[in-house]
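Each protein sequence line maps, in turn, to chains X and U. All residue numbers for the first sequence refer to full-length UniProt numbering, where the first residue is 1 and numbers rise by one. All residue numbers for the second sequence refer to full-length UniProt numbering, where the first residue is 1 and numbers rise by one. The next block holds one structure in the form of structure tokens; read it before the comments.
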Amino acid sequence: MSVTGREARAGWLFLSPWIIGFLAFTAGPMLFSLWLSLTHYDMLRPPTYVGLDNYREALTDERVGTALWNTVFFTALHVPAQVVLALALASLLRRAGRAAGFFRTVVYLPVMTPPVALAALFLLLLNGQNGAINAFLGWFGFTGPNWTTDPTWIKPGLVVMSLWTVGSTAVLYLAALTRVPLERYEAARLDGASPWRQFWHITLPGISGTVYFTVVVNTIASLQVFTEAYAMFFGARAKQSAEGDAALFYVIHLFQEAFGSLRMGYASALAWGLFLVIALVTAVQVRLSRRYVHYEGERP
Amino acid sequence: MKRVGVWAGLLVVALAFGYPFWWLVSASLKDRAHVFDNALLPRPFSPGNYVEVWRAVPLLTWVGNSVAVGLAAAVAATAASAVVAFGFAMFRFPGRDALFGVVLATMMLPAAVTMVPVYLEWHALGLATTQIPLWAQNLFGSAFYIFLLRQFFLGLPGEVFDAAKVDGANAWRLFTALGLPLARPGLVVVFVFELKAAWTDLIKPLIYLREPDLYTLPRGLKAVLDRFGEGGEAQWELVLAASAVATVPMVLLFLVAQRYFVRGTVTQHVE
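See below:
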């Protein structure tokens, strides 16, 4: 066999685990799911073909509307809050000098906390009567809301909780900030630019690629929010009324339809709905990025 | 003056990010009447919560399950992703770059799309109520880790591999004798990342595990929350003790392998 033929054979052999896995756990399931979404299937009887019925039902399902609204609302609060706080944290950490390592550890540790433990902890910290967060607000004369029982405040409460895990984004910004050339700041200082102008005209363009990346990734993750909200407000926990509706996110609804009601066909249609929403949002962000994102080495 | 502002800011950060941890551990050591008192130190001090939750639920079994599942998931993901990444980085053949494009594309696919059909596959195999679905998919590699390790392999000096080829080493030997040892930092990143992912995951255990004896720690913790976190009789001190048990190993792992976590997070940044 020729050398290139041998190289190709070795290459295919090394790739074979991924190819098998891709067919068995990605491509196959996608086709399977597309077909299932056109059926009624409860795992007891064989699937029956129903055409686009599931998609039609999803469009008129009130809980889908609630779930979609909750998810988009949460994402619209969560992503900007994460980006702004992460950027502020990274800027601060960058000035910490030798202590930067210590503070980076402090900020990153919550990322290591299992989300269910986080959910249990924040159910108490966010408690309206005697939770620590409202006690803190009380020091400044504010009366905090009932974060875990008032439907208006449940999503903001979940956003507050999510800020505790902002460390993973902050670490990315910290790495990006160290790559902005210092000479640019020196030149700007000579020109008498204020710190705010320096941030706006040097720092932000310098790290815009990273900001863009984290916005896209955080948005995709946020549209699939599940664990903390599910642990706090769903499952065997009896509260399924007002609190449950305010925290009903799209993947929670999908999960309940699939594994609670065993409506596998309908859940598959819901999954494709989510796929469509995520693809659309990502496409819009990619489009917007062309206007705002500068990469190093690229002419303005 | 400016330094004072920076240090004041850092102090606020340390308190805001550290206090909830302190609260968790402190409250888990308080008796039921004092869980909510927000006092810094638990008085009266009642470490008995840990014994009580240990007696009420099979906490040790869950820790064992989480360790077993986590190690299986991490070993499988590391080994398989390394093999595939080496294939992408070291061999040239038609179709390779197109396939790598597919790998990158699967990173964008929402997990929800394959959640139902993959469950039905495991069900058809009769394995839907075992721990196997929690880690077995990792035997085929995972897109992000393949991407990450491919970067590592591409960064290795090519001359070393050329020299070995001249000496007649075959592809598998190039991988095991040269590729793996040189890529060790990358392998550690993948290993700790996947260990953390498996240790903290709730959704897969919710889908697949029925028997409490098979629960991983997050699934067990959810059961504890459901059982002891309800209504006026809530026993939050037990929920908190179990939460602390789930949290501490991850914190210790992080303190040991910190630089690998940070490196993994930063390499996630695909430009």
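Idealized CB from N, CA, C, for every residue including glycine.
Run through DSSP, which three-state label would residue i get?
i              : result
H40(X)         : strand
F45(U)         : strand
T113(X)        : coil
T129(U)        : coil
T178(X)        : coil
Y250(X)        : helix
T48(X)         : strand
E271(U)        : Its pLDDT being 39, under 50, E271(U) is placed unreliably by the model, and nothing is read from it.
M108(U)        : coil
D226(U)        : helix
Y50(U)         : helix
residue 301(X) : Because chain X is modelled from 1 through 300, residue 301(X) falls outside the range shown and cannot be assessed.
E7(X)          : helix
From this set, the options, which residue's C-alpha is nearest residue i's C-alpha?
i       : options                            : result
P181(U) : V83(U), W135(U), A74(U)            : V83(U)
L280(X) : W164(X), V72(X), L123(X), F142(X)  : V72(X)
H201(X) : A187(X), T214(X), F213(X)          : A187(X)
V215(X) : L87(X), D42(X), R184(X)            : L87(X)
P115(X) : V277(X), A229(X), Y250(X), F255(X) : A229(X)
N130(X) : S243(U), R259(U), D37(U)           : D37(U)
M108(U) : V217(X), A24(X), T227(X)           : V217(X)
F100(U) : T200(U), L59(U), V248(U), Y145(U)  : Y145(U)
G220(U) : A14(U), S66(U), R32(U), A16(U)     : S66(U)
N138(U) : A74(U), T114(U), D201(U), L178(U)  : A74(U)
G95(U)  : A100(X), P47(X), I19(X)            : I19(X)
G87(U)  : N70(X), W12(X), I133(X), D150(X)   : W12(X)
S222(X) : A67(X), E57(X), S16(X)             : A67(X)
I133(X) : P110(X), P151(X), W164(X), V111(X) : W164(X)
V113(U) : L270(X), R287(X), T282(X)          : L270(X)
W236(U) : V12(U), V4(U), R3(U), A27(U)       : A27(U)
F25(X)  : D97(U), G5(U), A136(U)             : A136(U)
Compute the Euclidean distance between the alpha carbons of residue i and residue j, then round it to the nearest angstrom.
i       : j       : result
G209(X) : V159(X) : 24 Å
A257(U) : T178(X) : 22 Å
F191(U) : E7(X)   : 28 Å
T247(U) : I207(X) : 33 Å
D61(X)  : M264(X) : 16 Å
F249(X) : F122(X) : 18 Å
E52(U)  : L40(U)  : 23 Å
F102(X) : L137(X) : 27 Å
L126(X) : F228(U) : 18 Å
P157(U) : A176(X) : 26 Å
E211(U) : F152(U) : 41 Å
D201(U) : R45(X)  : 31 Å
T113(X) : G264(U) : 17 Å
A99(X)  : Y50(U)  : 35 Å
N54(X)  : A105(U) : 27 Å
L276(X) : S46(U)  : 52 Å
Q198(X) : A96(X)  : 19 Å
V102(U) : A27(X)  : 10 Å
P17(X)  : V116(U) : 22 Å
I278(X) : A223(U) : 31 Å
V63(U)  : V239(U) : 15 Å
The alpha helix (DSSP H) spanning residue i covers which residue range?
i       : result
P205(U) : 203 to 208
T114(U) : 111 to 124
T176(U) : Unbroken run through T176(U): none, as it is neither H nor E.
H78(X)  : 62 to 94
E159(U) : 158 to 166
V13(U)  : 2 to 28
E228(X) : 227 to 233
P185(U) : 184 to 200
Y108(X) : 100 to 108
P156(X) : 151 to 163
P195(X) : 195 to 198
Going by beta carbon distance, what residues of the same chain come within less than 6 Å of residue i, once the five residues before and after it are set aside?
i       : result
L134(U) : V69, K204
A247(X) : I154, A229, F233
L77(X)  : V159
A231(X) : V116, A119
V64(X)  : A58
V25(U)  : A244
Compute every distance between the C-beta of residue i and the non-hydrogen atoms of the ligand FMN, then say whether any falls below 7 Å.
i      : result
A85(U) : Of ligands this structure carries none, so the ligand FMN is not represented either.
Residues in its own chain within less than 8 Å of residue i by CB, not counting five upstream and five downstream?
i       : result
V107(X) : L89, L93, V166, G167, A170, V171
Q285(X) : Y212, V215, V216, T219
V180(X) : I202, T203, G206, I207
W54(U)  : L60
Output needed for residue i: all residues of its chain with C-beta closer than 7 Å, excluding positions within five of it in sequence on either side, in chain order.
i       : result
Y260(U) : V188, V189, V192
A267(X) : L254, E257, A258
L23(X)  : none
Would you say residue i lies against chain B (beta-carbon separation less than 8 Å)?
i       : result
F147(U) : This model lacks chain B altogether, as its protein chains are X and U.
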